[in-house]
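Take a look at the structure below.
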Amino acid sequence: MPEEQERFHNAVAAMLNSVMFENWLRFYFLREDEVSEGKYVLSIAIPEKAMDRIRERFFEFYPMAQELNGKRLTLEVSRSAVCNFIKDTYEGDLIPQGSLAAYFDTHAFQIGLQLFNIWVQAYEQALEQNFLDFAGWQNAFAQWCATDQAAQIREELKAELKRHEH
Numbered sequence: 001m002p003e004e005q006e007r008f009h010n011a012v013a014a015m016l017n018s019v020m021f022e023n024w025l026r027f028y029f030l031r032e033d034e035v036s037e038g039k040y041v042l043s044i045a046i047p048e049k050a051m052d053r054i055r056e057r058f059f060e061f062y063p064m065a066q067e068l069n070g071k072r073l074t075l076e077v078s079r080s081a082v083c084n085f086i087k088d089t090y091e092g093d094l095i096p097q098g099s100l101a102a103y104f105d106t107h108a109f110q111i112g113l114q115l116f117n118i119w120v121q122a123y124e125q126a127l128e129q130n131f132l133d134f135a136g137w138q139n140a141f142a143q144w145c146a147t148d149q150a151a152q153i154r155e156e157l158k159a160e161l162k163r164h165e166h
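In case it helps, this note's numbering puts the sequence shown at residues 1 to 166.
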């Protein structure tokens, strides 16, 4: 694989891992607090021991966990945490300066993101029943991506994106 292509592939993989990590945090550390009768707010509540494990095992993503821990959660907060993390961590190094938006718009990223969302929905019950650390999520998702089912979905997503281009 030519160097530029490999760099692009690595950048997209890093971006997807960032999205996956934020999703993993929400999946296992989401807390719902009642603020008044029938009104709830969501927040990320990562226990100290879990933060220590994240720092030890997933150091790269520790800043995102720190940023989100204890924060009221909205779609905007989640989106900003991921985008800011990717910008701060990868832009100028893995992703050429000023190219972040273009990378988010690539078919490779969009297809990876959709595959991840399909996987989470399909395996939500199993993921709830057995806590997996982030590496467990990465491995399980990679194994699923290697299946014929995922390959078929990937091809359907590619065809759908091509139809929308014309």
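Backbone N, C-alpha and C define an ideal beta-carbon position, used for all residues, glycine too.
For N23, the secondary structure class from DSSP, reduced to helix, strand or coil, is helix. At least 8 angstroms separates the beta-carbon of V19 from that of F134.
Restricting attention to S78, E4, H107, T74, the CA atom closest to the CA of E165 is found in H107. By the CB criterion at 8 angstroms, E34 and L42 fall outside the cutoff. Note that the C-beta distance between A65 and L25 is below 8 angstroms.
Counting the other Cβ atoms within 10 Å of the Cβ of F109 gives 16 or more, which makes it buried.
Taking C-alpha positions only, A126 is separated from Q138 by approximately 15 angstroms. DSSP places I44 inside the beta strand (DSSP E), whose first and last residues are 39-44. Burial state of L75 is exposed, judged by a 10 Å Cβ sphere holding fewer than 16 other Cβ atoms. In terms of Cβ geometry, Y123 and A11 do not form a close pair [threshold 8 angstroms]. Of the residues V120, L157, C83, the one whose Cα lies closest to the Cα of Y28 is V120. L157: member of the alpha helix (DSSP H) spanning 148-165, first to last residue.
Assignment of S80 by DSSP, reduced to helix, strand and coil, places it in the helix class. In this structure L68 touches A81 by the C-beta definition: roughly 5 angstroms separates them, less than 8 angstroms.
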